[in-house]
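Have a look at the structure below before the remarks.
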Amino acid sequence: MRSDCQPSEDQKDEAALWHAKRAGGSMSEQDEADFDAWMNADKANRLAFDQMRVLWARIEQPAQRAAQSRKRFGLSGLKRVFTKRRSLAGVAAIAMVCGVIWAANPNMIVNWQADIVAGTNDITTITLPDGSTALLGANSALATDFTGNHREVRLLRGQVLFDVVHRDGDAFRVHTPDTDIEVVGTRFNVDSLSDKTVVTVERGAVRVSNQKDRHGVLLGPDQQARSNGTRVVMTDHVDSTLALSWMKGRLSVQNSPVRDVVAKLQNYSTARLIVLGDAGNSRVSGSFPTRDVDGSLKTVADAVGAKVIETSPWVTILY
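All residue numbers for the sequence shown refer to my numbering, where the first residue is 1 and numbers rise by one.
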């Protein structure tokens, strides 16, 4: 049983909303009165709010400092410090700096594993060693292995359109954290922006599988499969131009959970985008500009009766 002094998950969610309203400067006199009443109604409410204040301080203050100093202190600087100072104090300093940078850029560790990382506002075209082409969406990251007969690509994050050249005897394989895709020669899109992988074929054929379903499904033109690491589910027919709309600066979705839409928009934003409460489970359809994330978030929120608050330049909340 929960202690009377420990806040519940619902109280933590309420505390997050109250903190967002206060930080965003959107409190009316009635809101202030409601907030005071909520704080005084239960000791756990006050504790939940205090915990939320500490949490945001840990997120925003390091992010602000790192954003101001990131250009002056790059990875090469870290290497120099590590080379010159191998003492315990030096290691501790490096760990602290890494923690600060991670607060501003949570993708840091994944980026270090990647061979190719796209910017937040770019579509990056890469010619792979075998002559195949990869068009990376914003903030996408790839690791590659083209040694010997290998043609292996790991999509660590994001979305990529592959145009694969045929090479006798050598399959082309793409791996995401939960899915494996194997082709011979084709053009297909891999979306790993949310908690599932979505593969859409424009032409040719690919096989989509995962650790739980090694046989998987075979996709042809204008077919799509979704994999969450346990099941691979095929959609009989889709409009592949819808899946490729990101190449024209649009995010097009049909009956998609708001949480998934925001996860996709996150790749086009330098701020941390957070969804709270039941709003994330609402579903929305539409086409949203990826070059105006703030406007797209407002449109999504309006469509489902939710609100958006920018608590700082580094954190935006939809609830």
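Even glycine gets a Cβ: it sits at the ideal position worked out from N, Cα and C.
### Query
When you compare each of VAL233, ARG214 and HIS215 to GLN223 by their alpha carbons, which one comes out closest?
Along the sequence shown, one-based indexing puts residue 223 at 223. Of the candidates VAL233, ARG214 and HIS215, the one whose C-alpha sits nearest the C-alpha of GLN223 is VAL233.
### Query
From THR124 to ASP34, what does the alpha carbon distance come to, in whole angstroms?
Your numbering for residue 124 matches position 124 in the sequence shown. Your numbering for residue 34 matches position 34 in the sequence shown. So the two alpha carbons sit approximately 49 angstroms from each other.
### Bridge partners - PRO289, DSSP secondary structure assignment
Within the sequence shown, numbered from 1, the residue matching residue 289 stands at position 289. Looking at the DSSP output, PRO289 bridges to ARG250.
### Task
Return yes when the Cβ of GLY280 is within less than 9 angstroms of the Cβ of ASP13, no when it is not.
The residue you call residue 13 lines up with position 13 of the sequence shown. The residue you call residue 280 lines up with position 280 of the sequence shown. Taking 9 angstroms as the Cβ cut-off, ASP13 and GLY280 do not qualify as a contacting pair.
### Task
May I ask you to list the residues that DSSP assigns as paired with ALA118?
Here residue 118 refers to the residue found at position 118 when the sequence shown is read from its first residue. BP columns for ALA118 are empty, so no partner.
#### Entry: Extent of the continuous beta strand (DSSP E) to which LEU242 belongs
Residue 242 sits at position 242 when you count from the first residue of the sequence shown. LEU242 -> not in any beta strand (DSSP E); alpha helix (DSSP H) instead, spanning 240–243.
### Element boundaries [beta strand (DSSP E), containing ASN40]
Working through the sequence shown from its first residue, we reach residue 40 at position 40. Segment 29–41 is the alpha helix (DSSP H) holding ASN40; no beta strand (DSSP E) there.
### Message
Starting from ALA143, trace the beta strand (DSSP E) in both directions and tell me its first and last residue.
### Response
Counting from one through the sequence shown, the residue named residue 143 turns up at place 143. For ALA143, the enclosing beta strand (DSSP E) begins and ends at 141–145.
### Task
Can you tell me which of the three DSSP states LEU219 falls into?
Taking the sequence shown and counting its residues from 1, the one referred to as residue 219 is at position 219. Three-state result, LEU219: strand.
### Message
Is it the case that the segment 187–202 contacts the segment 145–163, given that we only count it when at least three CB pairs across the two stretches are under 8 angstroms?
### Response
Yes, since at least three Cβ pairs between the segment 145–163 and the segment 187–202 fall closer than 8 angstroms, the two stretches touch.
### Message
Tell me which residue opens and which closes the alpha helix (DSSP H) that ARG259 is part of.
### Response
Working through the sequence shown from its first residue, we reach residue 259 at position 259. Looking at the DSSP string, the run of the alpha helix (DSSP H) that includes ARG259 is 258–266.
### Message
Less than 8 angstroms between C-beta atoms, sequence neighbours within five positions excluded: which residues of the same chain meet that for VAL261?
### Response
Here the question's residue 261 lines up with position 261 in the sequence shown. In chain order, LEU251, VAL253, VAL284, PHE288 and VAL300 place their CB closer than 8 angstroms to the CB of VAL261, counting only its own chain and leaving out the 5 sequence neighbours on each side.
### Task
Determine the direct distance from the alpha carbon of GLU310 to that of VAL199, and round the result to whole angstroms.
By 1-based counting over the sequence shown, the position of residue 199 is 199. By 1-based counting over the sequence shown, the position of residue 310 is 310. Cα to Cα, VAL199 sits roughly 33 angstroms from GLU310.
#### Entry: SER8 (DSSP reduced to helix, strand or coil)
Numbered from 1 along the sequence shown, position 8 holds the residue referred to as residue 8. SER8: coil per DSSP, three-state reduction.
### Spatially closest choice to SER282 from MET27, TYR319 and LYS264, by CA coordinates
Reading the sequence shown from its first residue, position 282 is the one you call residue 282. The shortest Cα separation from SER282 among MET27, TYR319 and LYS264 belongs to TYR319.
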